[in-house]
Amino acid sequence: AVNDVELHPNQGELISGDGAGNIRVWDLAQNACSCELVPEVDVPVSSVTVAADGSLVVAANHRGTCYVWQLSKGGGGEGSAPGGAPTTAA
């Protein structure tokens, strides 16, 4: 089940977090998942948010751990993809 959804500031993507610990970037134009992140398997994601400038996505799980990814533009100049490993904070 999906626990939280955030609209990306570009208005073309949604970021979702679910009970299985998955964080997904959904491309609304393609109606498909463009990226999937799993910071901790089977640890439910309780919330996700995107920075106002679209540069970061932050997710928190039920263990109280927060993950931060820097977003990068896709190859075509549109869309976002997390770049590198997340920064974590407990």
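Residues in the sequence shown are numbered consecutively from 1190, following the working numbering. Heads up, the beta-carbon is just placed ideally off N, CA and C, and yes, glycines get one too. Small disclaimer: the values here were computed from a predicted structure and weren't measured.
Any non-hydrogen atom of the ligand SAM within 7 Å of residue i CB
i, result
"A1218", "Judged by which ligands are present, the structure shown has none, so any question about the ligand SAM falls away."
Those residues which DSSP pairs with residue i across a bridge
i, result
"N1220", "Looking at the DSSP assignment, N1220 forms no beta bridge with any residue, so it has no partner."
"S1236", "A1249"
Three-way DSSP call (helix, strand, coil) for residue i in this model
i, result
"R1252", "coil"
"S1261", "strand"
"N1280", "Nothing about residue 1280 can be read from this structure; the chain reaches only from 1190 to 1279."
"D1193", "strand"
"V1246", "strand"
"E1229", "coil"
"G1206", "strand"
Distance, residue j Cα to residue i Cα
i, j, result
"V1232", "Q1259", "21 Å"
"R1213", "E1202", "10 Å"
"L1217", "R1252", "30 Å"
"Q1200", "Q1219", "13 Å"
"S1205", "V1227", "12 Å"
"A1221", "L1196", "15 Å"
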